[in-house]
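Under my numbering, the first residue of the sequence shown carries the number 1482, and numbering increases by one thereafter.
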Amino acid sequence: MAEHFPLRLIDSRMLAPSVRHMVFERGDGKPFAFVPGQFVQIHFHYDDGKPTKRSYSVATVGAGDGSPVATIEIAVSYVEGGAATKLLSNLRHGEAIDGSGPYGRFCLADADVNRRYLLVATGTGVTPYRAMLPQLARLDARGAEVVLIYGARNEPELLYGDEFEAFARTHPHFHFYACFSRVPRSPPRPHDRRGRVQVALAEVKPDPAHDIAYLCGNPDMVDQTFALLKEAGLPIPHIRREKYVSSR
Ligand SMILES: Cc1cc2nc3c(=O)[nH]c(=O)nc-3n(C[C@H](O)[C@H](O)[C@H](O)COP(=O)(O)OP(=O)(O)OC[C@H]3O[C@@H](n4cnc5c(N)ncnc54)[C@H](O)[C@@H]3O)c2cc1C
């Protein structure tokens, strides 16, 4: 159930030139439990005093079973002129903001017994999949294939790329495709692709009988990929979506 609590910033680092990884703890000392794929909201006021809120997917790697985690990690992309961007990019360690959560159902369901999981993301849309890593390890152990297709403009914008590549090295059923739409990596790695996520998706040949797909991030990418998967014959309940739209 969603609760309201202060979020105190205890650490942060720049993940990419315009993405800040922020580590919070609950300022009220109570535990925070979430299911990977869920998000938190931050509550604040515009300069004219009107209340507003924004959503951020939880990136924390915990046990992945809904048990409490010590920190609430998010990755915040810089949006020009954005109200939450201004608040979050100026927030200093030790300062607190109003938060609530967890929310959302963009989660891996225990009841799913699919043979293959297609996880597609652009930008900060990859953060739910980072939180899902412990669950993906369990899927790997049961022999399910997981394909993470991640679109970025260039290598510096490939968030958590090292973590996903390290995971792929130790989990034989996990495949990580990095799709570079503007500047390829030099030298390219075996699973790098030139172009948008649709390039790698076509290559892995979506299979309506055995695949379930998760799409997260830029709304245009989510819509285009949804259309492509629907055309490939995936049943709509097997295409799960999280669009990063501003919730004003
Ligand atoms: C379920 C959910 C989860 C989300 N998770 C994340 C997350 O993990 N990380 C993250 O960075 N964001 C995430 N978002 C988006 C986030 O909630 C905000 O919308 C985003 O940070 C912009 O807020 P802002 O107040 O800075 O900009 P706003 O003040 O809302 O917008 C300023 C201007 O920029 C435009 N704009 C808004 N968002 C974007 C954008 N993404 N790209 C380009 N232009 C934009 C607006 O139309 C407006 O003109 C998520 C959204 C949802 C619904």
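Here a beta-carbon is modelled for each residue, glycine too, at the ideal position from N, C-alpha and C. Since the model is a prediction, treat every value here as computed from it, not as a measurement.
Bounds of the alpha helix (DSSP H) holding residue 1650 are 1642–1651. Counting only residues of its own chain and dropping the five nearest sequence neighbours on each side, residue 1693 has a CB closer than 7 Å to the CB of 1593, 1595, 1598, 1719. In this structure the region 1571–1581 does not touch the region 1660–1673; the number of beta carbon pairs closer than 8 Å is below three. Taking 7 Å as the cut-off, the beta carbon of residue 1538 is found no closer than this to the beta carbon of residue 1728.
Under DSSP, the beta-bridge partners assigned to residue 1495 are 1501.
One Cα belongs to residue 1561, the other to residue 1505, and the distance between them is close to 23 Å.
Counting along the chain, residue 1627 sits inside the beta strand (DSSP E) bounded by residues 1626–1633.
Excluding five sequence positions before and after residue 1600, the CB atoms of its chain that fall closer than 6 Å to its own CB belong to 1610, 1629, 1695, given in chain order.
Note that the C-beta distance between residue 1677 and residue 1635 is not below 7 Å. It is roughly 14 Å from the alpha-carbon of residue 1681 to the alpha-carbon of residue 1655.
Just measuring C-alpha positions, the residue of 1573, 1541, 1521 sitting nearest residue 1489 is 1573.
Taking all protein chains in view, the Cβ of residue 1523 is crowded by 16 or more other Cβ atoms within 10 Å, so the residue is classified as buried.
The C-beta of residue 1638 has 16 or more other C-beta atoms within 10 Å across all chains shown, which makes the residue buried.
Residue 1527 counts as exposed, since fewer than 16 other C-beta atoms from the protein chains shown sit within 10 angstroms of its C-beta. With a 10 Å radius around the Cβ and a threshold of 16 neighbouring Cβ atoms, residue 1714 comes out exposed.
In the DSSP annotation of this structure, the continuous segment of the alpha helix (DSSP H) that includes residue 1610 starts and ends at 1608–1612.
The beta-carbon separation of residue 1496 and residue 1556, rounded to 6 Å, stays under the 8 Å limit for a contact. Take residue 1641, set aside five residues on each side of it, and the residues of its chain with a beta-carbon closer than 6 Å to its own are 1611, in chain order. Counting along the chain, no beta strand (DSSP E) covers residue 1594, and no H or E run does either. Close CB contacts of residue 1646 within its chain, under the 7 Å cut and outside five residues either way in sequence, are with 1657 (chain order).
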